[in-house]
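Below is one structure, written out as structure tokens, with a few remarks after it.
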Amino acid sequence: MLELIVAASMMAAVMTSLSLVMRSTRQCWETLDTEYAATHQMHAVTRHFVRAAREAKTVTSIKPDGSGITMTLADDSPISWEWRNSYHGNKHVVLLTTTAGSSVLAHGIDALAFRGFGTDGVTQISEPDDIQVVEVTATVTIPRSHVAQRSAVGKVFIRLW
Numbered sequence: 010m011l012e013l014i015v016a017a018s019m020m021a022a023v024m025t026s027l028s029l030v031m032r033s034t035r036q037c038w039e040t041l042d043t044e045y046a047a048t049h050q051m052h053a054v055t056r057h058f059v060r061a062a063r064e065a066k067t068v069t070s071i072k073p074d075g076s077g078i079t080m081t082l083a084d085d086s087p088i089s090w091e092w093r094n095s096y097h098g099n100k101h102v103v104l105l106t107t108t109a110g111s112s113v114l115a116h117g118i119d120a121l122a123f124r125g126f127g128t129d130g131v132t133q134i135s136e137p138d139d140i141q142v143v144e145v146t147a148t149v150t151i152p153r154s155h156v157a158q159r160s161a162v163g164k165v166f167i168r169l170w
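10 is the number of the first residue of the sequence shown in my numbering; add one for each residue after it.
See below:
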């Protein structure tokens, strides 16, 4: 009978320590997965904008606060990107609008900023007709990270030569 009690006690100790290890591992994995998802959304927005802006021939408009931009593509169709705090129940979204309509490009983006530059890529310009280079900055917040805010920046020449 004594051996049975000792075996049960040892089994309880092993199971308790194993459950603590499993819970810690799961929390670590969830943290990394959340961080990866946020940075993936951030980089996806930046890459999408840079690839599409390479096909643009002009900047039609840029919002004064830099949260949105509209461009004209080579086939004269408009395309625009806009950051919104909320859209149809989603928070912190980037909207992509084309002739086919609007759709959510990414979610969880805390800030999206567009800045226009001259041909030198350094002189900031606010007049859409004079913009030759566009910089996009997407920012996300990563909870439980020592660097809470992370940003991805991309610059692109938007004129067809």
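Backbone N, C-alpha and C define an ideal beta-carbon position, used for all residues, glycine too.
- Secondary structure in the segment 106-154: no alpha helix (DSSP H) run of 4 residues or longer lies completely within the stretch.
- Assigned with DSSP and collapsed to three states, residue 35 falls in helix.
- The DSSP-derived three-state label of residue 24 is helix.
- Taking the CA atoms as reference points, residue 142 sits about 6 Å from residue 125.
- In the DSSP annotation of this structure, the continuous segment of the beta strand (DSSP E) that includes residue 66 starts and ends at 65-71.
- For residue 165, the enclosing beta strand (DSSP E) begins and ends at 158-166.
- The C-alpha of residue 90 lies about 5 Å from the C-alpha of residue 77.
- Residue 96 is positioned such that its CB atom lies closer than 8 Å to that of residue 104.
- Beta bridge pairing from DSSP links residue 80 with 68 and 88.
- Selection 135, 134, 62 and 159 evaluated against residue 166 yields 62 as nearest (Cα-Cα).
- Here the alpha carbon of residue 56 sits roughly 26 Å from the alpha carbon of residue 38.
- Taking all protein chains in view, the Cβ of residue 27 is surrounded by fewer than 16 other Cβ atoms within 10 Å, so the residue is classified as exposed.
- Close CB contacts of residue 64 within its chain, under the 7 Å cut and outside five residues either way in sequence, are with 82 and 83 (chain order).
- Distances from the alpha-carbon of residue 101 to those of 164, 160 and 148 put 148 closest.
- A check of alpha carbon separations from residue 132 across 144, 59 and 122 identifies 144 as the nearest.
- Residue burial annotation: residue 115 is buried, with at least 16 other C-beta atoms found within 10 angstroms of its C-beta.
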